[in-house]
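2 protein chains.
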Amino acid sequence: MSQSLQTFPHWGRKIIAIGRNYAEHAKELGNAVPTAPFFFLKPTSSYALSSAKMPTIEVPKGSNVHHEVELAVIIDKPGRDITAHSAMSHVGGYALAIDATARDLQDEAKKAGKPWSTAKGFDTFTPIGDLIPTGMIPDPNNLTLWLKVNGELKQNGPTSDMLFKIPQLIEYVSSITTLERGDVILTGTPAGVGKMSPGDVVDCGVKTTGASADLFRMQFRVVERPGFGVFGTGRV
Amino acid sequence: MSQSLQTFPHWGRKIIAIGRNYAEHAKELGNAVPTAPFFFLKPTSSYALSSAKMPTIEVPKGSNVHHEVELAVIIDKPGRDITAHSAMSHVGGYALAIDATARDLQDEAKKAGKPWSTAKGFDTFTPIGDLIPTGMIPDPNNLTLWLKVNGELKQNGPTSDMLFKIPQLIEYVSSITTLERGDVILTGTPAGVGKMSPGDVVDCGVKTTGASADLFRMQFRVVERPGFGVFGTGRV
Ligand SMILES: [Mg+2]
Ligand SMILES: [Mg+2]
Ligand SMILES: [Mg+2]
Chain A
1 MSQSLQTFPH WGRKIIAIGR NYAEHAKELG NAVPTAPFFF LKPTSSYALS SAKMPTIEVP
61 KGSNVHHEVE LAVIIDKPGR DITAHSAMSH VGGYALAIDA TARDLQDEAK KAGKPWSTAK
121 GFDTFTPIGD LIPTGMIPDP NNLTLWLKVN GELKQNGPTS DMLFKIPQLI EYVSSITTLE
181 RGDVILTGTP AGVGKMSPGD VVDCGVKTTG ASADLFRMQF RVVERPGFGV FGTGRV
Chain B
1 MSQSLQTFPH WGRKIIAIGR NYAEHAKELG NAVPTAPFFF LKPTSSYALS SAKMPTIEVP
61 KGSNVHHEVE LAVIIDKPGR DITAHSAMSH VGGYALAIDA TARDLQDEAK KAGKPWSTAK
121 GFDTFTPIGD LIPTGMIPDP NNLTLWLKVN GELKQNGPTS DMLFKIPQLI EYVSSITTLE
181 RGDVILTGTP AGVGKMSPGD VVDCGVKTTG ASADLFRMQF RVVERPGFGV FGTGRV
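Protein chains in written order, with UniProt numbering: chain A, 1 to 236; chain B, 1 to 236.
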């Protein structure tokens, strides 16, 4: 008996995040515009639900954590070596997401040739909204993603700017790793990424391009990460 | 009702792999010996079970895929900000594993400052054995890991050479990401890594140091990855 796809953050097994899939974002960080897609993994323990009582993003003390608003694709039908042609039949829905990133740790990792997993993997670093059924999004290339920090618009970009479209992303990813039901592909962020600090309020939304109403919107409060972990105390 | 920990590869949600945790292995690849632990993520879809009818490692065509035999730690009790002092109470067992690595893709990623996820994440890139109960391993620092390719001994190293011991690894990892039941920590590989080619037979085992019998051993056949994925055809 399979679980409802709506509860994917509770049992889905992987988050595949595409890097630099919007040219303007690649450029704003000083990176080349990619000629092929690439991805990194985030742990599913990094989900922070917009439906929580107090949706919260936790920032490790002293870290420069950036917001990256993204369209999440939720896989329904599993597959491997999926062709771009049949890719959309594997999609069970969409969601609004933030790919929170400790930019300082990512910059260090990039310089050292080390993995991005820590920079991208802290608890609460993948804020995610409710499943949006495919019926509500007939064309995922005709959406606009926006994000505000303390009411100020920071990101506002159309998914039509994606360098690699969803069918190509599914083809690419599934040529490396089998996609399972409940897996999530984060499709990259438009330009305008920037810092989130404790005390900030982050609002974001997704709408059909040109429409006034959002298909989904969510709000998170930013706090300093509590606890006395090795990372937090600077012991490592 | 919780599932039996023995079936962790079927439902566990993350694989955290520690890099360069044996000094001799760090050196053999020309890397500095780390002063702090670091990790990367592998998708759980990369598990290949030693209990399968035909245990197989699939090598993408033309790729230089290396074996890294490792001790896997299986988490039973979940936790966050776990102290080294209490860490061992979270361990539900161990397993023998191989952290298969497309060294060519990893070298490219390191040079380009890009994530390691593809190099480490192909289907079948995490061969894994049966759960070994903690009662069979009173001291995980007193084990020897070995690996043969076509009968020739390639890796043979004691877990006492780990730079960061299991309690420290659990403390470090859980200070970043919550550990859940069924999660796996791969604890790094001793020296002697090398290429696996289609047609090779890979044997590996784990034993108490000085003992003649293995606690667990497993065998995998290496084949070329079938299918017509984007990666396999060189289209990307
Ligand atoms: Mg990585
Ligand atoms: Mg992103
Ligand atoms: Mg390894």
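Note that beta-carbon positions come from the ideal geometry of N, C-alpha and C, so glycine has one too. These numbers come from a predicted model, not from an experiment.
*asked:* Give me, in chain order, the residues of the same chain whose beta-carbon lies closer than 8 Å to that of Leu105 of chain A; leave out the 5 immediate sequence neighbours on both sides.
replied: These residues qualify, in order along the chain: Ser63, Thr118 and Ala119.
*Cβ of Gly19 of chain B within 9 Å of any chain A Cβ*: Yes, its Cβ sits closer than 9 Å to a Cβ of chain A.
_Neighbouring residues, chain A, relative to Lys114 of chain B (Cβ below 7 Å)_ = Residues of chain A with a Cβ closer than 7 Å to the Cβ of Lys114 of chain B are, in chain order, Phe38.
*Look up Met54 of chain B in the DSSP assignment and say whether it is helix, strand or coil.*
If DSSP states are grouped into helix, strand and coil, Met54 of chain B belongs with coil.
*DSSP three-state assignment for Lys148 of chain A, whether helix, strand or coil*: Lys148 of chain A falls in the strand class under three-state DSSP.
*Does ligand 2 have a heavy atom nearer than 8 Å to the CB of Thr159 of chain A?*
Answer for Thr159 of chain A: no, Cβ out of range of ligand 2.
_According to DSSP, is Thr178 of chain B part of a helix, a strand, or is it coil?_
DSSP, read as helix, strand or coil, puts Thr178 of chain B in coil.
*Whole-angstrom distance between Ser46 of chain A and Asp139 of chain A, CA atom to CA atom*: CA-to-CA, the gap between Asp139 of chain A and Ser46 of chain A works out to about 28 Å.
*Roughly how many angstroms separate the alpha carbons of Gln155 of chain A and Leu5 of chain A, rounded to a whole number?*
If you draw a straight line from the Cα of Gln155 of chain A to the Cα of Leu5 of chain A, it is about 29 Å long.
_Residues of the stretch 116-128 of chain A whose Cβ lies closer than 8 Å to any Cβ of chain B, in chain order_ = From the stretch 116-128 of chain A, only Trp116, Ser117, Thr118, Gly121, Phe122 and Asp123 have a Cβ closer than 8 Å to chain B.
*Where does Gly30 of chain B land, buried or exposed, given buried means 16+ other C-beta within 10 angstroms?*
Gly30 of chain B should be labelled exposed.
*heavy atom of ligand 3 below 8 Å from residue 254 of chain B C-beta*: Residue 254 of chain B cannot be examined here, being either before or after the span of chain B that is shown, 1 to 236.
*Taking the alpha-carbon positions, what's the Gly12 of chain B to Tyr94 of chain B distance?*
So the alpha carbons of these two residues sit roughly 14 Å apart.
*C-alpha gap between Leu153 of chain B and Trp146 of chain B, whole angstroms*: Going from the Cα of Leu153 of chain B to the Cα of Trp146 of chain B covers about 7 Å.
_Completely contained beta strand (DSSP E) runs for the stretch 32-88 of chain B, where each covers 3 or more residues_ = Whole beta strand (DSSP E) segments, 3+ residues: 39-42, 47-49, 56-59, 65-67 and 69-75.
_Count Cβ pairs between the stretch 183-191 of chain B and the stretch 15-35 of chain B that sit closer than 8 Å; are there 3 or more?_
Result yes; three or more Cβ-Cβ pairs closer than 8 Å.
*Do Val193 of chain A and Ile57 of chain A have their CB atoms nearer than 9 Å?*
Contact annotation: Val193 of chain A and Ile57 of chain A have beta-carbon atoms that are not nearer than 9 Å.
_Exposure label - Ile68 of chain A; buried when at least 16 CB within 10 Å_ = One point to set straight first is that residue 68 of chain A is Glu, not Ile, in the sequence displayed. It counts as buried.
*Assumed close pair Thr124 of chain A, Ala48 of chain A - CB separation to whole angstroms, cut-off 8 Å*: Yes, they are in contact, since the Cβ atoms of Thr124 of chain A and Ala48 of chain A sit about 4 Å apart, within 8 Å.
*Use the C-beta contact count for Val59 of chain A: other C-beta atoms within 10 angstroms, 16 or more gives buried, fewer gives exposed.*
Within a 10 Å sphere around the beta-carbon of Val59 of chain A sit 16 or more other beta-carbons, which makes this residue buried.
*Can you round the beta-carbon distance between Gly129 of chain B and Met218 of chain B to whole angstroms, since I take them to be within the 8 Å contact cut?*
5 Å between Cβ atoms; contact.
*Thinking just about the alpha-carbon of each residue, which of B:Ile75, B:Leu71 and B:Lys27 is nearest to the one in Arg181 of chain B?*
It is B:Ile75 whose Cα lies nearest to the Cα of Arg181 of chain B.
*Do Asp161 of chain B and Glu24 of chain B have their C-beta atoms closer together than 9 Å?*
Taking a C-beta distance under 9 Å as the contact criterion, Asp161 of chain B and Glu24 of chain B qualify as a contact pair.
*Short-range partners of chain B found in the stretch 45-59 of chain A, where Cβ spacing is below 9 Å*: Residues of the stretch 45-59 of chain A with a C-beta less than 9 Å from any C-beta of chain B: Ser45 and Ser46, listed in chain order.
*Hey, is Arg103 of chain A's beta-carbon within less than 9 Å of any beta-carbon in chain B?*
Not closer than 9 Å to any Cβ of chain B, the Cβ of Arg103 of chain A fails to qualify, so no.
*Provide the residue(s) that pair with Tyr22 of chain A in DSSP beta bridges, ordered along the chain.*
Paired residue(s): A:Met162.
_Residues around ligand 3, please: the ones whose beta-carbon is closer than 5 Å to some heavy atom of it, in chain order._
Result (chain order): B:Glu68, B:Asp99 and B:Thr189.
_Suppose the cutoff is 7 Å on Cβ atoms and the five residues either side in sequence are ignored; what does the same chain contact list for Pro115 of chain A look like?_
The beta carbon of Pro115 of chain A sits closer than 7 Å to the beta carbons of Ala109 from its chain, once the five residues preceding and following it are set aside; these are given in chain order.
*From A:Ala52, A:Lys14, A:Thr7 and A:Tyr22, pick the residue whose C-alpha is nearest to that of Gly157 of chain A; which is it?*
When A:Ala52, A:Lys14, A:Thr7 and A:Tyr22 are compared, the shortest CA-CA separation from Gly157 of chain A is found for A:Tyr22.
*Under a Cβ-count criterion, where at least 16 other Cβ atoms within 10 Å of its own Cβ denotes burial, should Gly205 of chain B be classed as buried or exposed?*
Burial call: buried.
*Between Arg181 of chain A and chain B, is there a C-beta pair that is closer than 9 Å?*
No, because no Cβ of chain B sits closer than 9 Å to the Cβ of Arg181 of chain A.
*What residues of chain A sit near Pro43 of chain B, judged by a beta carbon separation below 7 Å?*
Lys14, Leu41 and Thr177, listed in chain order.
*So which residues of chain A does Lys110 of chain B contact, with C-beta pairs closer than 9 Å?*
Ordered by position in chain A, the residues that pass the 9 Å Cβ test against Lys110 of chain B are Ala112, Gly113 and Lys114.
*For Ala100 of chain B, count neighbouring C-beta atoms within 10 Å of its own C-beta (all shown protein chains included) and say buried if the count is 16 or more, exposed if not.*
Under this definition Ala100 of chain B is a buried residue.
*Using beta-carbon positions only, say whether His90 of chain B and Ile176 of chain B come within less than 9 Å of one another.*
No. Outside cutoff.
*Nearest-angstrom Cα distance between Asn150 of chain A and Lys77 of chain B?*
Rounded to the nearest angstrom, the two C-alpha atoms are 38 Å apart.
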